[in-house]
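Trainee: What follows is a structure written as structure tokens; I'll ask about it next.
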């Protein structure tokens, strides 16, 4: 596991709307984690992903952070808040 793998996954999500949609469709945390690790080849811990998430999104306001942690929807684009929303909602 590594922070580098978490960062690479974050970068891919940020630029791949189809992948973001696929992850949302999987829904179930266990299926999603297996897909990310086994199918996509990204191996990272939840703590490593959270480190990347907060490093990449220092501008998130307290309200936006609560929205992400609470599972509320982002704007559907490929900005940091949308990526963070997918990651946190999925439990990664």
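In the numbering used here, the protein residues as written are 43 to 134.
Cβ coordinates follow ideal geometry from the N, Cα and C atoms, glycine included.
1) With 16 as the cutoff for other CB atoms within 10 Å, does residue 59 come out buried or exposed?
2) Given a threshold of 16 other Cβ atoms within 10 Å of its Cβ, counted over all protein chains shown, does residue 46 qualify as buried or as exposed?
3) Quick check: what's the CA-CA separation for residue 51 versus residue 84?
4) State the CB to CB distance for the pair residue 48 and residue 78, rounded to an integer number of angstroms; the pair is presumed to be in contact (CB under 8 Å).
5) Suppose you measure from the CA of residue 81 to the CA of residue 68; what does that come to, to the nearest Å?
6) If you scan the segment 47–110 from start to end, which runs of the alpha helix (DSSP H) of 4 or more residues do you find wholly inside it?
Mentor: Once the coordinates are examined:
1) exposed
2) exposed
3) 7 Å
4) With a Cβ gap of about 10 Å, residue 48 and residue 78 do not count as contacting.
5) 13 Å
6) 59–68, 71–76 and 88–98
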